[in-house]
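What follows is a set of notes on a single structure, which appears directly below.
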Amino acid sequence: MHLMKSTDLALRLLMRLAVVPRDADPDELPTTREVAEAMGAATTHLAKVVGKLQHLGLVQARRGRGGGLVLTAAGRAASVGAVVRTFEGSGDLAACVDGDEPCPINAACRLRGALRVAQEAFYASLDQLTIEDVTAAPTGPLLLTLSRR
């Protein structure tokens, strides 16, 4: 399974924001542009990810002087599996329909069910982890060294 770029960016952004001290000075909050540059991502792509994370209540984006990105309490407690599900969607791993034509063995296919079970096991293993969990040492301290202005 390969995660989409937006899923990868969402997870890395949440992890980056999780290491910002909760009492950080507003002038020290990372901006979308700064995080995009640090990640080697397009600012426009990351801005779309930020928008979706805002809609989910995981991130707050503050505009203007002293603005920047803040991880919400819900963002800290968010399950990695829930974030991945949201960005990846619930589609099948295999392309059982190509255009308008379904696979000729679709009605009797056992592979599709096995792939669905594997996909759910993948998500279930990620459901056990929160954003805060994946930024614990040694990851969090390393993120801090990589993200200094």
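In terms of UniProt numbering, the sequence shown has 24 at position 24, counting the first letter as 1, and numbering is strictly consecutive. Don't be surprised by glycine CBs; every beta carbon is placed ideally from N, CA and C.
To the nearest angstrom, report how far apart residue i and residue j are at their CA atoms.
i: Ser6; j: Leu69; result: 17 Å
i: Leu29; j: Leu9; result: 18 Å
i: Asp133; j: Ala94; result: 31 Å
i: Gly67; j: His2; result: 34 Å
i: Asp100; j: Asp92; result: 16 Å
i: Leu127; j: Ala77; result: The sequence shown places Asp at residue 127, not Leu. Roughly 11 Å between the two C-alpha positions.
i: Cys96; j: Leu13; result: 33 Å
i: Thr145; j: Arg16; result: 11 Å
i: Ala121; j: Val19; result: 29 Å
i: Glu88; j: Asp25; result: 34 Å
For the alpha helix (DSSP H) that contains residue i, what are its first and last residues?
i: Val20; result: No alpha helix (DSSP H) holds Val20; DSSP gives it neither H nor E.
i: Glu34; result: Thr32 to Met39
Counting only runs of 3+ residues fully inside the stretch 44-79, write out the beta strand (DSSP E) ranges in chain order. The qualifying runs are 59-62 and 68-71.
For the stretch 84-94 against the stretch 29-39, are there 3 or more C-beta pairs whose distance is under 8 Å? These segments do not touch.
Three or more C-beta pairs below 8 Å linking the stretch 107-124 and the stretch 47-62: No, the stretch 107-124 does not touch the stretch 47-62.
Would you mind listing the alpha helix (DSSP H) stretches within the stretch 73-132 that are 4+ residues and don't spill past its ends, in chain order? Complete alpha helix (DSSP H) runs here, min 4: 73-77, 80-88 and 111-127.
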